[in-house]
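Presented below is the structure to which this report refers.
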Amino acid sequence: MPRLSRILGPDGERIDLDELFGEARARPTLTGVRSPISGFPAEGLTPNRLAAIHRAAAQGDPLAWLELAEDIEERDP
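Counted from 1, the sequence shown has number 1252 at position 77 by the working numbering; the numbering is strictly sequential.
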């Protein structure tokens, strides 16, 4: 019998603690799927490109926006 939490999940059912704190499903690997070196979105940035970056972030794809923020932060004295 699973140990159930008093906390309800998004479906209204109690959360199974064994599933929550059980074995990790996603583990780090030596060779990940994402490249650690990415582009620099601030290079050659146009108003259209900036708008596209903001639209993509608003639709759930924040990678270019985060890279732009990181680039701006690095350039800020």
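For each residue, glycine too, the CB sits at the ideal point set by N, CA and C.
Does the beta-carbon of residue i have 16 or more other beta-carbons within 10 angstroms, so that it is buried, or is it exposed?
i	result
residue 1243	buried
residue 1228	buried
Span of the beta strand (DSSP E) holding residue i?
i	result
residue 1189	1189 to 1191
By Cβ distance below 6 Å, which residues in the same chain neighbour residue i in space, the five residues on each side in sequence not counted?
i	result
residue 1184	1190
residue 1176	none
Looking at the strands, I want to know which residues DSSP matches up with residue i.
i	result
residue 1183	1189
Is the beta carbon of residue j closer than 9 Å to that of residue i?
i	j	result
residue 1231	residue 1240	yes
residue 1247	residue 1199	no
Would you kindly report the start and end of the unbroken alpha helix (DSSP H) that includes residue i?
i	result
residue 1238	1238 to 1250
residue 1232	1222 to 1233
Leaving aside the five residues before and after residue i along the sequence, list all residues of the same chain whose C-beta is less than 8 Å from its C-beta, in chain order.
i	result
residue 1180	1189, 1190, 1191, 1192 and 1195
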